[in-house]
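Q: Chains as they are written, first to last, in this note's numbering: chain V, 27 to 360; chain L, 27 to 360; chain B, 27 to 360; chain P, 27 to 360. The C-beta atom is built at its ideal place from N, Cα and C for all residues, glycine as well. Mind having a look at this structure? Questions to follow.
4 protein chains.
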Amino acid sequence: MIIQLSKNISSTAKSNLLNTLNDLQIKSNEVKTQFQDYIIGIPKTDFDIRNIGNMEGITDIHRVSDAYKLVSKKWKTNRTIIDLGDNVTIGGKDLAIMAGPCSIENEEQIENTVQHLLKNNIKIMRGGVYKPRSSPYAFRGLGMDGLKLFYKHCSENGIKVITEVMQVSQVEEMVDYVDIFQVGARNSQNFNLLDILGKVDNPVLIKRGMSGTIEELLASAEYVFSNGNEKILLCERGIRTYENAYRNTLDLNAIPILKAKSHLPVIVDPSHGIGLREHVATMALAGVVAGADGVIVEVHEQPEKAFSDGQQTLYYEQAEDLYRKARSLNSALK
Amino acid sequence: MIIQLSKNISSTAKSNLLNTLNDLQIKSNEVKTQFQDYIIGIPKTDFDIRNIGNMEGITDIHRVSDAYKLVSKKWKTNRTIIDLGDNVTIGGKDLAIMAGPCSIENEEQIENTVQHLLKNNIKIMRGGVYKPRSSPYAFRGLGMDGLKLFYKHCSENGIKVITEVMQVSQVEEMVDYVDIFQVGARNSQNFNLLDILGKVDNPVLIKRGMSGTIEELLASAEYVFSNGNEKILLCERGIRTYENAYRNTLDLNAIPILKAKSHLPVIVDPSHGIGLREHVATMALAGVVAGADGVIVEVHEQPEKAFSDGQQTLYYEQAEDLYRKARSLNSALK
Amino acid sequence: MIIQLSKNISSTAKSNLLNTLNDLQIKSNEVKTQFQDYIIGIPKTDFDIRNIGNMEGITDIHRVSDAYKLVSKKWKTNRTIIDLGDNVTIGGKDLAIMAGPCSIENEEQIENTVQHLLKNNIKIMRGGVYKPRSSPYAFRGLGMDGLKLFYKHCSENGIKVITEVMQVSQVEEMVDYVDIFQVGARNSQNFNLLDILGKVDNPVLIKRGMSGTIEELLASAEYVFSNGNEKILLCERGIRTYENAYRNTLDLNAIPILKAKSHLPVIVDPSHGIGLREHVATMALAGVVAGADGVIVEVHEQPEKAFSDGQQTLYYEQAEDLYRKARSLNSALK
Amino acid sequence: MIIQLSKNISSTAKSNLLNTLNDLQIKSNEVKTQFQDYIIGIPKTDFDIRNIGNMEGITDIHRVSDAYKLVSKKWKTNRTIIDLGDNVTIGGKDLAIMAGPCSIENEEQIENTVQHLLKNNIKIMRGGVYKPRSSPYAFRGLGMDGLKLFYKHCSENGIKVITEVMQVSQVEEMVDYVDIFQVGARNSQNFNLLDILGKVDNPVLIKRGMSGTIEELLASAEYVFSNGNEKILLCERGIRTYENAYRNTLDLNAIPILKAKSHLPVIVDPSHGIGLREHVATMALAGVVAGADGVIVEVHEQPEKAFSDGQQTLYYEQAEDLYRKARSLNSALK
């Protein structure tokens, strides 16, 4: 049950409400986000909602049968639009395109990519500075030095930065240089990281786990929301199956399902999905038709020289063809 | 290695060829289809292709490194177009739409569906008369009586029939009442059935196995081709994964991959894929964008009364909206 | 609901029963096996069992909530013991060991294997004469000629034969040369084949499908039983997962679960499971501890020269060590 | 390539070595553990090992073709034995048993469990104080207060404590109250956590990820080892598959494979594996036969009242029966 509180609820009214919930054997979780205050009530047994419905200080009240509550479409039927400032939004009529290299490599590469994005009117640049790598001996990213350079060139050009955060302690140092925090597939259920990302104001893109269920992705989003941050993006990036004709099984089924279950925007990542350059654009377009609000895609001036993920990274020319087609498909659909 | 033989190869030339192959320790498999004669050579060791290349009676010769040979795009770069007669083709510029109920139920239902198809200019009707069911106590289809009725109404109206064949012994009795034989997911590696379907002239649509790999689907197609039938359709219908938010994980990645590996047309089955009525059309359209040459979809006048698969079957109105959008997307793409 | 009929039920009593079931909207399926007569009632709605319980000609009546009925432990709590004659049984106190090559190759190999089995007091020999192969160009077995030789040498030495049947039309020609029919993983849901195997008296070993669920395996067994054959063995042989450090994920969890759900004996196939010679014996022993009633294992005098599956086939010496340990573990447990 | 350095290598000799490696285009990673110093060399191209082999200060040198190096059996063929002090070891002749509740709930429960362990001569108690839960509204453990109580009662009774650590910042506060750090399945690729656990002296048990490969588990262990901690336990706890007849597919195949690939001890967790109380003991025993060096199992005085995981938790009596059988099987095998 979600109880939306009025902005000016008195402390007496709030105490009364919490006491009543307690009497009804409903466990309450207070949630205060950048936009609103809520109480999430988890009832132990059945109860009569009329006992609460008319209490002072309540704006609205919704029963939500899903395991996740605040991210459910059952109480919030309007789709969430994430506002990044400077007229950059995600979740509205326009398709959000996020493009850039797998890893930030050096200043020249950043500048080069920024020019590519500007030319194509792309407003969000992706690029990793902390890289989760299976082997401890592999390149693990440029870290904060890379991020500062990355942010500098982007912000000077009106481009927003999305980059992966891997652990709690990085959040504070990164927060001023990041427009969207990305939580990677391996951290999709890193609950401490999700908790802390609920305490910042930056939007958070959560990737579905390597073999994460749709329910689990929504539960992870609930962690962020219930800690205070309503700005959440869900990302389908492929799941692990027995098939090895491609990198991961990009699960486009997840897109209409997520949009039916949640009010949050959904992003598709075809690069980590199918993972083969020649098919990335095809799957991106299929993702747009499946209902994605945005596409996140790896591009590089010279993919074959990229520090990581070269085989799934688009050449600029391929990417430009994709941007054009994706936007045109999106317009035709909306 | 695929050796294409000239139509009028002399028996002496052929013997010479087979002897030479034998001398080179190449196992030969003679293949005679409705269109052409081939020898598939499986070499035990490396050999010098010049020893064969100039022999009499050979039209062309191709090394194919894939495990499958005749269905590979490595030797036949033109895409295969299946001609069903009466100007109905699959694999060309137009999107092939196959629609109809899960099960054929009675004559009224057939007539009703035929009218729906005629109205929408759909040329191929699907409908099961032999149904694979997990439980022996479930409805297993109307059998030959149903098929005859089904075929009668379709052929009178210029509509082609696609229906599932479950076993070798059914092929002979069904062959005159079927335009396309469908091999279901559970029979995708029923090699005896594939062998026999290689001996008829009807096109064969092979569904990917429940957890079939793309390689296995192509190997199954190779069974049909190498037994003499070049008219093959590959069908993606969803695979089994850990996710249970929907019926099967419709694997749209398989579509661009299959089209890159094989010259055969690829059909998408969103009904058995995502398996939820409200999302079937979305996934069908995504499949078209992924490159499908056709869509096979379940429709019923009253899905809630269907004998089987009701929850994934479209209402006529939904289906009509899908046909329109699918055709328009297909035109835009081609 | 399973209604066990008395042997001498009068035709009037039976009609009365069927009519009553019909009146109660219970769909009846008559089942006549080599041992007993049953009616399986599938009710559409709830009903009062007292309306049936006291009718004439009924021995016993059980409600079974599982989707499968006759193979369920809910009505038959005693474990089924399969009697192969000559004091060879499966499902009792002794561990059943079935050993032999993947493929029957020639007479010498058969004789050699028979000597190995006799020396080790093994009473059942496995060996394929019809081989399901992904590629149409691979060796597909010696067929009936091989089977006749196989059976001759075994029967002369008191050894029972288990071999795979791939299609309906093979059953009749094979039936006199086979002691146990094996249904392979790819045919685990070949319902026509299961139907026909329900009409013979030979025991049938059904392998779990490549990605078959435990429920599906039991439903497949129900096909055989409900067609008239109570002599069924269930076989765990590994499932398909994302892991490729071994051939298949031998799912030992399935053994205690199958034994809790069904009264049928369970066999473990570690050769096709883990698929690596050095680990086959370990997994076989773990399978015995998990509760398997028998082990089916590939052995060959010279595995490296075997026509198929060499890398998962044991040397005689390894196999002998396994037989000894498996029997001793089994005795210790029972 | 693993280069073991002699304890008293001179700084000149080390510089020479590093320079030589650099000249050979071999990337070096210096590793200093509680036991030894190493250099891990990752060569870019082929090189002649004789250029390094005779240099000063080197004890031994091994080429390791696996992606993981220090945890590989290719260079260290003796099995690792973890010494917890007070004569408690893991990885030797005796089976290590770790038992206790899913969650630490209160002091009484700790005392009660300790008595149960003492009675059964169990030297290691498991119990969660930080619980990863899919829902933010679920019980998340007693935290440090619980851990201190847990450790107090255990250490007073000569019992070692194993408990899950969820994030980097917890390591420091937990380190004095923990004998073995456990990394849960969801954190199996939390590389920052693994890094920091490489810097403590406590043994670390790493669970295989939810859909983790065996290679990934070993790579995660490599993180810990290469950061300086050689005391690592690998734990198989079930993987995610399509089957839902039980909680997870406990993959016993992983045990012989892990023991063949690595020198580290392997623990089996049947509670999270099959996840059904009535089958936990069976799978534990099968795991012992598969080669596990230890078993970690959930027990509770009253499982039905446990705060979490009750349905997979053993009653004391069941657990005692398991301890006895597991030890007797282990003795029989070794």
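1. I'd like to know if P/Tyr64 contacts chain L, where contact means its C-beta is closer than 8 Å to some C-beta of that chain.
2. Quick check on the DSSP output: what are the complete alpha helix (DSSP H) runs of length 4 or more inside the stretch 204 to 235 of chain L, in order along the chain?
3. How many Å lie between P/Leu50 and P/Leu259 at the Cα?
4. Using a beta-carbon distance below 8 Å, is L/Asn213 in contact with chain B?
5. Which value, in whole angstroms, describes the spacing of the CA atoms of B/Ile28 and L/Val314?
6. B/Ile157 by DSSP, collapsed to three states: which one?
7. Using a beta-carbon distance cut-off of less than 8 Å, what residues from the stretch 67 to 89 of chain V approach chain P?
8. Excluding sequence positions up to five away, which residues of its chain have a Cβ less than 8 Å from the Cβ of L/Phe176?
9. So is V/Asp295 buried or exposed if we call it buried at 16+ other beta carbons inside 10 Å?
10. In this structure, does DSSP put B/Cys180 in helix, strand or coil?
11. Can you check whether the C-beta of B/His179 is within less than 8 Å of a C-beta belonging to chain P?
12. Any contact of the stretch 79 to 91 of chain V with the stretch 51 to 61 of chain V, i.e. 3+ C-beta pairs under 8 Å?
13. Would you kindly check if the distance between the Cβ of V/Ser246 and the Cβ of V/Ile66 is under 8 Å?
14. Is it buried or exposed for L/Gly111, if we count other Cβ within 10 angstroms and need 16 for buried?
15. In whole angstroms, give me the CA-to-CA distance for L/Phe333 and L/Arg166.
16. When Cβ atoms are compared, which residues of the stretch 38 to 64 of chain P fall closer than 9 Å to chain V?
17. At which residue ranges does the stretch 247 to 300 of chain L contain complete alpha helix (DSSP H) runs of 4 or more residues, listed in the order of the chain?
18. With distances taken from CA atoms, which of P/Asn274, P/Asn218, P/Leu355 and P/Pro291 is nearest P/Lys99?
19. List the whole-angstrom C-beta distance separating V/Asp221 from V/Asn255, where the pair is believed to meet the contact cut-off of C-beta under 8 Å.
20. Where does P/Thr115 fall in DSSP's three states?
21. Scan the stretch 247 to 268 of chain P for residues whose Cβ lies nearer than 7 Å to a Cβ of chain L and list them as they occur along the chain.
22. Apart from the five residues just before and just after L/Cys261, which ones in its own chain have a Cβ nearer than 6 Å to its Cβ?
23. Looking at C-alpha atoms only, which residue of B/Ile283, B/Leu96, B/Gln141 and B/Ala122 is the closest neighbour of B/Leu355?
24. Look up V/Ala122 in the DSSP assignment and give the residues it is bridged to.
25. Quick check: V/Lys285 and V/Lys119, are their CB atoms within less than 8 Å of each other?
26. Could you list which residues in chain L have their beta carbon closer than 7 Å to that of V/Ile300, in chain order?
27. I'd like to confirm the pairing. Which residues does DSSP put opposite L/Tyr64 in its beta bridges?
28. By the three-class DSSP mapping on this structure, what secondary structure does V/Glu190 have?
29. Pull up the distance between the alpha-carbon of V/Gly317 and that of P/Arg266, whole angstroms please.
30. Output, in chain order, the set of chain B residues within a Cβ distance shorter than 7 Å of L/Phe207.
31. Is it right to say P/Ser36 is buried, meaning 16 or more other beta carbons lie within 10 angstroms of its own, or is it exposed?
32. Hey, could you find the ends of the alpha helix (DSSP H) B/Arg105 is sitting in?
33. Taking C-beta to C-beta, are P/Asn274 and P/His298 nearer than 8 Å?
34. Taking its Cβ as the centre, do 16 or more other Cβ atoms sit within 10 Å of L/Ile108, making it buried, or is it exposed?
35. Using 8 Å as the threshold, is the stretch 339 to 353 of chain B in touch with the stretch 298 to 312 of chain B, meaning 3 or more CB pairs across them?
36. If P/Asp335 and P/Glu346 are in contact, beta carbons under 8 Å, what's the gap, nearest whole angstrom?
A: Looking at the atomic coordinates:
1. no
2. 217 to 223
3. Their Cα atoms are separated by approximately 35 Å.
4. yes
5. 48 Å
6. Checking the sequence shown, residue 157 of chain B turns out to be Lys, not Ile. B/Lys157 falls in the coil class under three-state DSSP.
7. Going along the stretch 67 to 89 of chain V in chain order, one finds Ile68 with a Cβ nearer than 8 Å to chain P.
8. Ile130, Ile136, Met151, Gly153, Val155, Val187, Thr189 and Tyr203
9. With 16 or more other Cβ atoms within 10 Å, it is buried.
10. The answer is helix: DSSP assigns B/Cys180 an H, G or I state.
11. no
12. no
13. no
14. exposed
15. Here the alpha carbons of L/Arg166 and L/Phe333 stand approximately 10 Å from one another.
16. Answer in chain order: Lys53 and Asn55.
17. Every unbroken stretch of the alpha helix (DSSP H) spanning 4 or more residues and falling wholly within the stretch 247 to 300 of chain L is given here in chain order: 280 to 287 and 296 to 299.
18. P/Pro291
19. Contact flag wrong, Cβ pair sits at about 10 Å.
20. strand
21. Arg266, Thr267 and Tyr268
22. Cβ within range, chain order: Leu231, Lys233, Ile293 and Asp295.
23. Nearest of B/Ile283, B/Leu96, B/Gln141 and B/Ala122 to B/Leu355, Cα basis: B/Ala122.
24. V/Gly320
25. no
26. Asn279
27. L/Gln30 and L/Val57
28. Correct three-state label for V/Glu190: strand.
29. 28 Å
30. In chain B, no part has a C-beta under 7 Å from the C-beta of L/Phe207; the shortest such distance is about 15 Å.
31. exposed
32. Where B/Arg105 is concerned, there is no enclosing alpha helix (DSSP H), because DSSP gives it neither an H nor an E.
33. Yes, they are a contact pair.
34. By the 10 Å Cβ count, L/Ile108 comes out buried.
35. At 8 Å Cβ cutoff, the stretches touch.
36. Actually they are not in contact, since the Cβ atoms of P/Asp335 and P/Glu346 sit about 20 Å apart, beyond 8 Å.
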